[in-house]
């Protein structure tokens, strides 16, 4: 492998970005006066003004500052779900957690540790942006959910629908932002509006009360650990060290995954070479106004599926590094991914694979109350592509207008890449409140996605090859939503229509080669509903349904991997020292090839989660696919059937 | 009385027969039935007008007398084929009037102009994942799917009558059959399995033979032939693969085929060394009682995945007696020879190949190459390979599938020239998408249908052949 960009340059690049962030922090530090905020709670569009009357920051961005998230701001005109750790604490799989959210289909290519991607509202995994604290989880397009352990997360924020204007060229179908555990800050832990189940005004009241009754206690040094064991050889250990200044987490996991599964004809078979081993270290700390995060992950995974060979030995080794610093309105991030794929027995007999590739992605984001600018750099070098650099720039602006119960928003932007040119984006949204407890919104948007580096250049396994001639993906979307809060429940309804052009898929272009290529037009239309109902102080009932009657190309061929109906319903009962959750999940038949000729059978699974003990000394049991149904993934591969895991966690 | 009664019936019968023939011509002679004439639009807008043998008087003129212009003459067997230009004054006509003669009688026929696509039923039925081979036998279609490891027996309407699932990664890939059994080669598990042709059942001891060779990283068992309860399985014998995308050649061992004998309680095997490398097909030439092994030569790929061969292809002829013996061989040159089809008398063979869009023709009787490396039958110059070939039962047409262009070619064997005959061009097997469907295995059912397996689209197309 030829690496023409020395590591020193990588670090230099990051230091430059970091210094930019630090300089900005001194000039533009933002303070929030929550007392003043409380006094102005009657105003739907609260703004904080400095002495000369110019806008310092709006309410949404102030929350963004505290929680490092944009979603509260964006929830006015989009479907947003926020899950706090308390709602997913018993699950060890991010995929299992996300499957409960309306609009989401998770594609698992095997059991624990195997590739797992998320599809949203008919958009492919490559069209959904997965972020970790705002930073892309992977320089590659389709992010692998199996790389993240939920135990390291404080919350998960899901924003459905195109969001390229806010998050850049990857967010055609939606955004999943994983918020990691953060060191205890001097500010109170602000509640989340979306997760609160409160009306807008009630939420502000809570917010202000939080300031009036601050938690003065300090965290001190806290060490916690969790040990995980489960079926298919799953073992894991998680260590967390937290104090007022920093949180450090170490996670180690491995799974054998040589699982037997039940086949369509009732017989059982063995799936081999799907083992995985993963270690990661993440650290988050805060100095003054700047938050820092560093993460390193080492993954080794067997790749099953070279169907012509019984003794498979394909293997992927990947080391990933994340560095990020962020302030109230600036964020600098650098990620590096080194991948080594070995397969001496490739499909179709074209030669053994021994590919090494390095991908670097750096971005610096400057965000103000009504615009953002995000220069970015991508670099790739290795077996698949030599010394390739791409510069890009995202710019977007937006303006909100309030007219009592009505409000509307206009947004515009540009996405530019040195190898793809420049594309405009635009969005228009309208919202109306109905009383204090309900609102409705409509949004119209155009979003684009420039092909990622792996789609353009990389061929990291099997007979895949990138395609430098790929065109930009475009999606025009319309969304209608209605939300209503009840005294103990929250209802969310949304309908959506999206028209895609030049979507990128990997398709066979000859008997010998699978290549990234653009498709023609495709249309997706559907509706989703979610009801989150607190039946009493201890009992929650959550149901979500996604109906996708239209997901097809212009010639009528269905989009691969999209289910037309996905419904999840679950109950969670929580007491001081124990909790239990049960859910059922139904997924309709899924088109499993590019032509719609293969379809998986519909599947229904039942899941059970049980927790015993207080938060600081807890035993948890998770049973996924309780009745061991013969489930298949979106590509018609068998899934491992029943999966069981046991977790013991304790705080010292 | 009886005689008079019989005579009366004969007269009535003749009268009815004449009426059925369309009436007399005034002199008591019956008129010939109109021929079945076909007209298909070509890509350039012209219309290919054709009819089968016996349709017209030999060497007689045939011309368009309505709806367009053009004409030709019938061949010695009475068939004809020519291109007509249709009148476009008020839109293209839907019919042509064809004038011709038969039994020295001038005849006219009004022919509806059709399209080739109307002959094709795309996605006649879906298969398992990654179908690799298709076989017509016992009024059923059998499909081996390498990704979901299934062998399924379908009715011609796509009804699934029986299925057999093999262990994961078995990769059932090639099929052959005799009157009672279906034989399936799995190139993942390197097994040959004999199954009931009816319900696909098999006995794990009596019906399964395991191929093995510790020296080969890929045994690569391929398309077998069956003769008298013995199955002949060709083997690629790859000893080492090169780095992916390096363009370096693959290391092949000596080409082998294995005779698997099912006549005893448990099958036994015996290996035979080939002259050529990388044998991919064994075919039984029943008319000449020969086993013919097709060695394609060492197949390699350049760094941009373009296939090429580095050694010659061979046809090897073996006896089928008590002991298999090499009788003769024929070097074909660097053509990457692939699928083979024999003429009815076994004297001629057509060969597909694995590197381009050419066909090759061999005189089996004379052991000589008729259309070889220097003078191939070029179906297409596009990047593809000819995945399968079949000859129609009457031997008049050669059918060939082109994998990378999703096409079915139907070439008259009288001319060996693509684009001649009833079909003005190749038939499009793609699935209404610009994605590659992968026209792979091809079968004829003897009832006027061709069946094409789409290896990437996981489906089978039915083609209604012109009579």
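Protein chains in written order, with the numbering used here: chain A, 1 to 652; chain B, 653 to 1119.
Note that beta-carbon positions come from the ideal geometry of N, C-alpha and C, so glycine has one too.
Small disclaimer: the values here were computed from a predicted structure and weren't measured.
Within its chain, find whatever has a CB closer than 6 Å to the CB of residue i; leave out the 5 residues flanking it on each side and keep chain order.
{"i": "residue 532 of chain A", "result": "490 and 542"}
{"i": "residue 971 of chain B", "result": "977 and 979"}
{"i": "residue 340 of chain A", "result": "317 and 356"}
{"i": "residue 294 of chain A", "result": "283 and 323"}
{"i": "residue 223 of chain A", "result": "241 and 652"}
{"i": "residue 508 of chain A", "result": "514"}
{"i": "residue 648 of chain A", "result": "227 and 619"}
Let me know if residue i comes out buried or exposed under the rule of 16 or more other beta-carbons within 10 Å of its beta-carbon.
{"i": "residue 732 of chain B", "result": "buried"}
{"i": "residue 120 of chain A", "result": "buried"}
{"i": "residue 435 of chain A", "result": "exposed"}
{"i": "residue 893 of chain B", "result": "buried"}
{"i": "residue 952 of chain B", "result": "buried"}
{"i": "residue 247 of chain A", "result": "buried"}
{"i": "residue 824 of chain B", "result": "buried"}
{"i": "residue 1017 of chain B", "result": "exposed"}
{"i": "residue 595 of chain A", "result": "buried"}
{"i": "residue 472 of chain A", "result": "buried"}
{"i": "residue 657 of chain A", "result": "Residue 657 of chain A is absent from the structure shown; chain A starts at 1 and stops at 652."}
{"i": "residue 800 of chain B", "result": "buried"}
{"i": "residue 728 of chain B", "result": "exposed"}
{"i": "residue 856 of chain B", "result": "exposed"}
Leaving out five residues on either side along the sequence, give the residues of the same chain with a beta carbon under 8 Å from the beta carbon of residue i.
{"i": "residue 537 of chain A", "result": "none"}
{"i": "residue 867 of chain B", "result": "891 and 905"}
{"i": "residue 688 of chain B", "result": "703, 704, 707 and 1119"}
{"i": "residue 626 of chain A", "result": "605, 606, 607, 608 and 642"}
{"i": "residue 859 of chain B", "result": "845, 846, 847, 914 and 919"}
{"i": "residue 1094 of chain B", "result": "786, 1039, 1040, 1041, 1042, 1051, 1052, 1053, 1060, 1102, 1103, 1104 and 1105"}
Measure the C-alpha to C-alpha separation of residue i and residue j and round it to an integer number of angstroms.
{"i": "residue 599 of chain A", "j": "residue 564 of chain A", "result": "12 Å"}
{"i": "residue 288 of chain A", "j": "residue 329 of chain A", "result": "14 Å"}
{"i": "residue 805 of chain B", "j": "residue 822 of chain B", "result": "18 Å"}
{"i": "residue 839 of chain B", "j": "residue 870 of chain B", "result": "9 Å"}
{"i": "residue 998 of chain B", "j": "residue 1052 of chain B", "result": "18 Å"}
{"i": "residue 279 of chain A", "j": "residue 144 of chain A", "result": "15 Å"}
{"i": "residue 1099 of chain B", "j": "residue 981 of chain B", "result": "35 Å"}
{"i": "residue 272 of chain A", "j": "residue 259 of chain A", "result": "7 Å"}
{"i": "residue 136 of chain A", "j": "residue 129 of chain A", "result": "7 Å"}
{"i": "residue 675 of chain B", "j": "residue 758 of chain B", "result": "Because residue 675 of chain B sits at a pLDDT of 39, beneath the cut-off of 50, its placement in the model cannot be relied upon, and the following sentence gives the value as read from the coordinates. Those two C-alpha atoms are separated by around 15 Å."}
{"i": "residue 392 of chain A", "j": "residue 298 of chain A", "result": "28 Å"}
{"i": "residue 77 of chain A", "j": "residue 955 of chain B", "result": "50 Å"}
{"i": "residue 749 of chain B", "j": "residue 711 of chain B", "result": "20 Å"}
{"i": "residue 713 of chain B", "j": "residue 1105 of chain B", "result": "40 Å"}
{"i": "residue 984 of chain B", "j": "residue 965 of chain B", "result": "5 Å"}
{"i": "residue 539 of chain A", "j": "residue 484 of chain A", "result": "20 Å"}
{"i": "residue 942 of chain B", "j": "residue 936 of chain B", "result": "6 Å"}
{"i": "residue 263 of chain A", "j": "residue 784 of chain B", "result": "21 Å"}
{"i": "residue 1023 of chain B", "j": "residue 872 of chain B", "result": "29 Å"}
{"i": "residue 107 of chain A", "j": "residue 633 of chain A", "result": "6 Å"}
{"i": "residue 693 of chain B", "j": "residue 721 of chain B", "result": "14 Å"}
Looking only at its chain, what residues have a beta carbon closer than 7 Å to the beta carbon of residue i, apart from the 5 residues adjacent to it on each side?
{"i": "residue 1035 of chain B", "result": "1056"}
According to DSSP, which residues form a beta bridge with residue i?
{"i": "residue 232 of chain A", "result": "Note: residue 232 of chain A sits in no beta bridge, so no partner."}
{"i": "residue 295 of chain A", "result": "A:282 and A:322"}
{"i": "residue 421 of chain A", "result": "A:417"}
{"i": "residue 824 of chain B", "result": "B:838"}
{"i": "residue 441 of chain A", "result": "A:431 and A:481"}
{"i": "residue 1021 of chain B", "result": "B:1014"}
{"i": "residue 342 of chain A", "result": "A:315 and A:354"}
{"i": "residue 605 of chain A", "result": "A:585"}
{"i": "residue 473 of chain A", "result": "A:449"}
task = Output the residue ranges of the beta strand (DSSP E) runs that lie fully inside the stretch 89-174 of chain A and measure 3 residues or longer, sorted by chain position.
result = Runs found: 104-108, 116-120, 128-132 and 153-160.
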